[in-house]
Amino acid sequence: MRPSEQIQSPGVLARGDEIEILIVTSPACHLCEQAKDVLERLSGDYPLTWREVDMASPEGSDIVRSSRAPFPPMIVVGGQLYGYGRLSEKKLRKDLDHIMRET
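Quick note on this note's numbering: the sequence shown kicks off at 201 and runs consecutively.
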């Protein structure tokens, strides 16, 4: 899936000044835990909310299928696949700054 393609999942689109992030995880995934730690830190610095979806759930399965990401976690920002695997806090901060300037 190309980053510009939309993922159809309820509750993942940015609303107003709040950025919504969805993280698709799997049990015992150390990269998922690392990504959740990053999102917790960033939620104190940015107007964002995030929620976790298990990749085995119906919603998670739909996202996995449409994104074709090879492994978790999958990060969805504003309805678009942002990335998968290890989440770079530095890159996400830079991209969130960019999003904030555009809104």
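For every residue, glycine included, the Cβ atom is placed at its ideal position computed from N, Cα and C.
In the displayed model, Leu222 falls within a strand according to three-state DSSP. Bridge pairing for Ile275: Ile223 and Gly283 [DSSP].
Secondary structure at Asp254: strand, using DSSP grouped into helix, strand and coil. In this structure, Pro272 sits near Cys229, with a CB-CB distance shorter than 9 Å. About 7 Å separates the beta carbon of Leu292 from that of Val238, a gap short enough to meet the 8 Å contact definition. The segment 281 to 288 and the segment 254 to 262 do not touch, with fewer than three beta-carbon pairs separated by less than 8 Å. Checking the DSSP bridge columns, you'll see Leu248 partnered with Ile219. The closest CA to that of Pro227, considering only Pro247, Lys236, Arg301 and Lys294, is found on Lys236. Each of Glu289, Lys294, Val264 and Glu252 was checked against the Cα of Leu281, and the nearest Cα belongs to Val264. Collapsing the DSSP output to three states places Ala235 in a helix.
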